[in-house]
Amino acid sequence: MVKSTLVAGVLGSMTLLSYAQPPQPAVPAGPQTGAQAAPAAPGNTMTPVQRSDSAPQGTLKNPYKDTDAAVVAAGSKLYQLYACSGCHGGTGGGGMCPPLTDGVWVYGGDDDTLFRLVAYGSQALQSKGYSRKAEENVVGAMPPMGQVVHTDDDLWRILAFMRANYHGAPECKFGCGGK
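Here you go:
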């Protein structure tokens, strides 16, 4: 009886400890076609909020291309891991929140603005001087995800995945504001 209670207590404590630790995403591997996943971009070891806070407005640029299959595959896995799909749909085409791939950039579609929007959320982004350039059917404000997404490298890969799935006007892929 004492032995089974002790084992149950230890197992219960281990379970509680596993829930107390934030999930640590594995670095997603590239496609299973023998391609290697792209290595982390040099210096990308900050949280998205730290990266945003440390860079002057307008200077953040994605080190990855949306044509790099390994990066896009990793970004897809991270998009799912961080539950972006829960609001924006499985491939960014929309869900209860706006689509990410239709060419309507509510605050602007440049890398810097998109990175900061995800890191800070829409309310904090507005408090930093950004204003809406377009409208979408929005259920609520974009929550700050900069402490949820573990590294700026993860966020850059997610943004590369999002751009790879873009279906709007080609001339607005990296900007334009509205349609």
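Going by this note's numbering, the residue at position 117 of the sequence shown is 137; the numbering climbs one at a time, nothing skipped.
Glycine is no exception: its CB is placed at the ideal position from the N, C-alpha and C atoms.
Check, Outcome
"Cut-off 7 Å between Cβ atoms - residues of its own chain near D122, not counting five sequence neighbours on either side", "H187 and G188"
"Best match in V91, Y84 and C104 for proximity to V169 [C-alpha to C-alpha]", "C104"
"Environment of A161 [buried if 16+ CB atoms lie within 10 Å]", "exposed"
"As assigned by DSSP and simplified to three states, the class of V201", "Here the chain has residues from 21 to 199 only, and residue 201 is not among them."
"E155 versus F194 - alpha carbon distance", "17 Å"
"Spatial distance of T53 from A90 (CA atoms)", "In this prediction, T53 scores a pLDDT of 35, lower than 50, which makes its location untrustworthy; the coordinate-derived value is nonetheless stated afterwards. Between T53 and A90, the C-alpha separation is close to 10 Å."
"Of the listed residues T65, L80 and Q70, nearest to D130 (C-alpha basis)", "L80"
"Environment of M116 [buried if 16+ CB atoms lie within 10 Å]", "exposed"
"Through-space distance from D132 to P83, alpha-carbon basis", "12 Å"
"Nearest neighbour of K85, chosen from P190, C192, I178 and E191 [CA to CA]", "I178"
"M165 Cβ short of 8 Å to the ligand NAD heavy atom set", "Summarising the ligand content, the structure contains no ligands, and the ligand NAD is consequently not present."
"C-beta contact flag for G166 and V138 at 9 Å", "yes"
"Exposure of D73, with buried meaning 16 or more beta-carbon neighbours within 10 Å", "exposed"
"T65 to K153 span [Cα, whole Å]", "31 Å"
"Nearest residue (CA-CA) to M182, options A75, T67, K97 and P68", "K97"
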